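Protein chains in written order, with my numbering: chain A, 7 to 227; chain B, 16 to 233. In this text, a Cβ means the ideal position worked out from N, Cα and C, and glycines have one as well. Keep in mind that this is a model prediction, so the values were computed, not measured.
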């Protein structure tokens, strides 16, 4: 093999990698926060069997869990304009992330809600707490603490999956790597670096999620 | 000017869906074989083997499948081998699948009570005999539901290979959408076809899991 590695020629393009990392983090943050909101609503609808909403969520969850993320992304970006909904690449990528994590987190959080013992809910309602108070103070906190590891893994999977958003030109890390590759043709080097950056992002994110779980979610329970 | 009927779109997608299915089977079988090797390394007595296997699993689970695919596609080419999208797609998905299957199966092996290991080692069985006669037959039973469940991830994973030009369902969808100017219909149908491939697997995995929980309670 007479290939000479040349990592030096990538240094001059470093700002594209930095911007890419920020883009990936931006997608992950929006997808996580809003996706969890969608998931909590879905978990409540399904656990409490809210009429209409529960069935709607059941269909949504199955549909999203059984189709690839990239197809969901293409449908949102290329398909929705057919219905008159025109989204730019960032809006489409963020929406696809929310839809995807929303479905998975619905199932994960529902499992947590159903694992909270019935007696606790009865005890709380004996204290004259309203249904909303019971949910907020008794059920949700315990449910989240219990399923936090599973949820963290899913958030990391979604972050890694966001690399396909480069295909609709959302300027995240893979897009940055592709751009540099098209400039200096050092494909192997740049993808090696991008892979290492994703690896570090995954480690960092897992660490932050563990800390968040320990100090914010598990507190008081 | 659009002379494509919905039937034309559907027919072309069905033809391309073959390759999604073939690639999924290749990845699942290849990944299973490599995964078994990783599992044996991961649960072996040698510390070095355990570390290598753990690092492999960690790397493949903490990096995007798309990056693994790019690295293989461009990396193998550096060795002077002409890489077809088929080779890169099959290889990348095999490696990706093996890491996840090894980790799923490790959980199943660890669910076997320690006493089983101790009892079989007191019968002077070697590591491979213990695995072959005592541990794996029991672990296999618990491993079936999550393994079937993971096959859904493999089918969905094949969609990413469209990016390096492997013409499967998603790539065919992109090409047909460009030709027909009907992306809403095309990607709707593409999603539907993935759903029809994956949903039965999900349902079957769920059924196996419930059956197992019922038998365990007795």
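Query: Length of the line joining the Cα atoms of residue 39/A and residue 70/A; Result: 18 Å
Query: Residue-level contact to chain A via CB, residue 105/B, 9 Å cutoff; Result: no
Query: Proximal residues to residue 38/B (C-beta, below 8 Å), its chain only, five neighbours per side dropped; Result: 104, 105, 108, 173, 176, 181, 183
Query: Proximity test, residue 77/A beta-carbon vs the ligand GDP heavy atom, cut-off 8 Å; Result: Annotation note on the ligand GDP: not contained in the displayed structure, which lists no ligands.
Query: Test: residue 78/B CB closer than 9 Å to a CB of chain A; Result: yes
Query: C-beta neighbour in chain A for residue 181/B, strict 9 Å; Result: no
Query: Straight-line Cα distance separating residue 125/B from residue 186/B; Result: 40 Å
Query: Inter-stretch contact (C-beta, 8 Å, three-pair minimum) for the segment 67-86 of chain B and the segment 198-212 of chain A; Result: yes
Query: Length-filtered (4 minimum) alpha helix (DSSP H) runs lying within the segment 167-223 of chain B; Result: 184-195
Query: Closer than 9 Å at the beta carbon, the chain B residues around residue 114/A; Result: Within 9 Å Cβ-Cβ: nothing; residue 114/A doesn't reach chain B, min ~14 Å.
Query: Backbone CA spacing between residue 35/B and residue 49/B [nearest angstrom]; Result: 21 Å
Query: Euclidean distance between Cα positions of residue 203/B and residue 209/B; Result: 10 Å
Query: Helix, strand or coil at residue 192/A [DSSP, three-state]; Result: coil
Query: C-beta contact flag for residue 108/A and residue 45/A at 9 Å; Result: yes
Query: Cross-chain neighbours of residue 22/A in chain B, by beta carbon under 9 Å; Result: The contacting residues do not exist; residue 22/A stays about 16 Å from chain B at best.
Query: Length of the line joining the Cα atoms of residue 118/A and residue 186/A; Result: 44 Å
Query: Alpha carbon of residue 152/A to alpha carbon of residue 192/B, nearest angstrom; Result: 44 Å
Query: Helix, strand or coil at residue 91/A [DSSP, three-state]; Result: coil
Query: Residue 148/A classed as buried or exposed, judged by whether at least 16 other C-beta atoms fall within 10 angstroms; Result: buried
Query: Cα-Cα separation between residue 227/A and residue 144/A, rounded to whole angstroms; Result: Unreliable placement is indicated for residue 227/A, whose pLDDT of 49 sits below 50; the coordinate value is still reported in the next sentence. Spanning the two alpha carbons is a distance of roughly 9 Å.
Query: Contact check, residue 157/B vs residue 84/B, beta carbons under 9 Å; Result: no
Query: Collapsed DSSP secondary structure at residue 20/B in the structure displayed; Result: coil
Query: Interface residues of chain A facing residue 217/B [CB-CB closer than 9 Å]; Result: 68, 71, 72
Query: Residue from 212/A, 182/A, 102/A whose Cα sits closest to the Cα of residue 16/A; Result: 182/A
Query: Beta-carbon contacts of residue 140/A that lie in its chain and below 8 Å, excluding the five residues immediately before and after; Result: 127, 130, 131
Query: Neighbouring residues, chain A, relative to residue 100/B (Cβ below 8 Å); Result: The contacting residues do not exist; residue 100/B stays about 15 Å from chain A at best.
Query: Same chain, Cβ closer than 6 Å to residue 158/A, five either side skipped, listed in chain order; Result: 215
Query: For residue 57/A, the three-state DSSP class (helix, strand or coil); Result: coil
Query: Distance, residue 94/B Cα to residue 141/B Cα; Result: 40 Å
Query: Per-residue DSSP class, three states only, for residue 138/B; Result: coil
Query: Residue range of the unbroken alpha helix (DSSP H) whose run includes residue 130/A; Result: 124-132
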